[in-house]
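Heads up: the sequence shown at position 280 corresponds to 1020 in the working numbering, and the numbers run straight through without jumps.
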Amino acid sequence: MKSAFFLLLLTSPVWGQAPRPSVMVDATPTTSAYQPAVATRNDLSAVVWTDGSYGGSNTIQICLSDGRGVDWTPVVRIDGDPAAIPTAKYTSESSVQIVGDNVYVAWEDARFGNRELFLVYSNDRGLTWSPEIWIDKGSPAGTDTVFYWEMKATDDSAGGLDHLYFLFSITPSGFLDQDLYFLASHDGGMSFATPALYLPQGAAPGTADVYHIDMVANDQEIYVLWQDDRFAPTVYEILFQRSLDGGATWLPADRRLNNVAPGSADTANIHLSHAGPYVLAAWGDERTSGGPQDELRVAISTNRGITWGADMLVGNYVPGVDDIDYVHSRVINGNFFVTWNDDRGGAEDVYVAQSFGPGGPFFEWAVPLGPGNDAKLVGTGEKLAVHWRDVYGAGFAASYSRDGGANWQAGFGFNDTLGPHHEGGTLRFNGDYGNFIAAWLADDLGFNNTYVGGFRPQHLVPIGGFHLGDPIYFEAHHFPQSEEGWQFAVLMSEGLGNFPLGYGDGRNTGLLDDAFLRAALAYVPGLLSGTIGVGGSGATPTVFWPLSLPSGHLLYLTAVSFDLSGGGVSQGALTDVFTLVMP
């Protein structure tokens, strides 16, 4: 049976168009896949995963698409493990990054007995790939072990080659504690500034056990958050560092962000985000309870991490009684967001809170977005989504905002897979298409396989019987708030193809350039256009359907917003293709 999330979505009057049907991109359905990662930017998308048996024999697989995430290339194996039976490999959510036409893929690899990091890259949208690059962690291959790690790739604002950053903790051979290191490339991965830099400024190697880590980067700005127990064994603090020159120099002293000593931040929940001068750190803390109940704490810097305000408690749960998990943060347009799940209602529910300035306070959205955990917020500007997983592993759900987080839609399921167990769900946003692309694992065929799907909040709903002479019209829904007052056009075709939007836009509508489409364009502006009103919805005029098409005949529809007020044609949000079956 379909997941309960998906069935609820299909019967909801809010949505006239369901999320896209999933595509199983895994080419080896009789082996298991693990931890998919998604990247999407401009008109390029990629999904990477580990294939094989967990902790056994694995390969690294990739497939690619455009910004729509609808049609995917055949799967390509990109690791270069020379063994006849490849050794264990492990991907993470940061395993794939896209900058322009460049695709970067990294993973952990056990071919030397320990865990090492490897990298491959493509400079031609995945057509060809570099040889494997071993990431020099500062000790010979086969010694010490990589534990936590993050990779970030970012373009160069001066037009130079891409910057590629690795942050990782390693456990030295014969020891239990982890040390934190950083490594950078400023030529798109062709070379690295070795040796790896031991990052903490207030604790020597081997004197502080690093727990969880996070990193964000933009051009040569790098921000790092981690936990370590430098002041007392197993008593963890929240530490921060930053570089504004690509990792060449760092703050002379680590910034400690939790306000109490000794620290009580020994939870696995930390997250860091950054935009402009603002840096937002969020973490779980046992300050009130003394353990095990966590509360959500945040700290904000307004000067790129030089100084920080006192940490703040966020959420309307009862600290020390209720327990939070899975914190996530974002800074967007000067607003600060955090998501988490807690058990105040007796079960795990997902919440989001927002501060409209760096001084707080944080206002929690009045109702939980849905039941679940591991919530994450993605998107840009006014187009945001929070996604999470069902606590019972039955699927994945999301809620979106079309107005920068002021309002959130009810949660809905975005996976249509049938298996009883789902894992590894991740969601990324493509700004060109206003499109959220998802990848997850499901065991419909008895093994975990990789599926790709997603949704666009803006969508088109045909209304009417579509028999000859029937009154019909088209509704547009959930277009971005900034496009209220714009018009929208309905495009129709008898086939799927790659018809590009005109007026210098170039985005792929997914429609076939045929006579039907050309005829429809003649009614824009006109009978096949309408005005987007408050709330992001609008409708075309009612007309009498002029055609008699055979029952079962397929028409393919999409809608795009446009504005003529500036003297030219500006085009905005573009919907997924809607398949209309003639009655």
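Positions of the beta carbon are idealized from the N, C-alpha and C atoms, including for glycine.
Assuming residue i and residue j are in contact, meaning their beta carbons sit under 8 Å apart, how far apart are those beta carbons, in whole angstroms?
| i | j | result |
| --- | --- | --- |
| ASP994 | LEU979 | 5 Å |
| GLY692 | GLY1110 | Only positions 741 to 1323 of the chain appear in this structure, which leaves residue 692 out of reach. |
| ASN1113 | ASP1065 | 6 Å |
| ILE875 | LEU920 | Their Cβ separation, rounded to whole angstroms, is 15 Å, which puts ILE875 and LEU920 out of contact at 8 Å. |
| TRP1148 | TRP1105 | 6 Å |
| VAL1067 | HIS1011 | 5 Å |
| VAL816 | VAL787 | That belief does not hold up - the Cβ atoms of VAL816 and VAL787 are roughly 11 Å apart, past 8 Å. |
In this structure, does DSSP put residue i in helix, strand or coil?
| i | result |
| --- | --- |
| LEU1185 | coil |
| ALA1229 | strand |
| ALA1001 | coil |
| LEU1261 | helix |
| GLN1311 | strand |
| SER1222 | helix |
| THR1319 | strand |
| PRO759 | coil |
| ALA1255 | helix |
| TYR1057 | coil |
| SER1305 | coil |
| ASN1248 | strand |
| HIS1068 | strand |
| MET741 | Residue placement at MET741 cannot be trusted, given a pLDDT of 29 that sits under 50; what the coordinates show is reported in the next sentence. The answer is coil: DSSP assigns MET741 none of H, G, I, E or B. |
Do residue i and residue j have their C-beta atoms within less than 8 Å of each other?
| i | j | result |
| --- | --- | --- |
| VAL950 | SER913 | no |
| PHE1154 | ALA1178 | yes |
| GLN1311 | LEU1261 | no |
| ALA828 | GLY796 | yes |
| GLN1326 | THR831 | A question about residue 1326 goes unanswered here, because the residues of the chain that appear run from 741 up to 1323. |
| ALA777 | VAL836 | yes |
| ASP1051 | ASP1063 | no |
| SER1141 | LEU1124 | yes |
| GLY820 | PRO871 | yes |
| LEU714 | LEU1185 | In this structure the chain extends from 741 to 1323, so residue 714 is not present and cannot be described. |
| ALA1005 | GLY1030 | no |
| ILE800 | VAL845 | yes |
| PHE858 | TRP847 | yes |
| ALA1021 | LEU965 | yes |
| LEU1036 | GLY987 | no |
| PHE1219 | GLY1276 | yes |
Sort the options by Cα distance to residue i and report the nearest one.
| i | options | result |
| --- | --- | --- |
| ALA1229 | TYR1243, PHE1136, ALA1279 and LEU857 | ALA1279 |
| SER1301 | ALA1313, SER1222 and GLY1003 | ALA1313 |
| VAL763 | PRO1002, ASP811 and ALA779 | ASP811 |
| LEU991 | GLU1122, GLY942 and SER1004 | GLY942 |
| ALA1299 | TRP1048, GLY1174, LEU1289 and GLN801 | GLY1174 |
| GLY1099 | ASP895, THR1079 and LEU1053 | LEU1053 |
| ALA1255 | GLY1235, VAL1264, ILE1272 and PRO1197 | GLY1235 |
| ASN1188 | THR770, PRO759 and ARG760 | THR770 |
| PHE1169 | ASP783, ALA758, TRP1226 and VAL765 | ASP783 |
| ASP985 | SER897, SER870 and ASP1130 | SER897 |
| MET955 | ALA893, ALA758 and ASP902 | ALA893 |
| ASP902 | TRP889, VAL839 and GLY1307 | VAL839 |
| THR1079 | GLY1086, VAL1107, ARG982 and ASN1073 | VAL1107 |
| PHE1284 | GLU1026, LEU1208, ASP1303 and VAL975 | LEU1208 |
| TRP1226 | ALA846, SER1269, LEU1252 and PRO1290 | SER1269 |
| SER1305 | THR1271, ARG1196 and LEU1294 | THR1271 |
| THR974 | LEU916, ASP1034, TYR1091 and VAL964 | LEU916 |
| TYR905 | HIS952, SER862, GLU961 and ARG851 | GLU961 |
- In chain order, each beta strand (DSSP E) run of at least 3 residues that lies wholly inside the segment 869-953: 885-894, 903-911 and 919-925
- Task: Report the residue ranges of all beta strand (DSSP E) runs contained in full by the segment 1120-1189; include only those spanning at least 3 residues, in chain order.
- Result: 1123-1129, 1136-1141, 1162-1170 and 1175-1182
- Item | Completely contained alpha helix (DSSP H) runs for the segment 823-852, where each covers 4 or more residues | none
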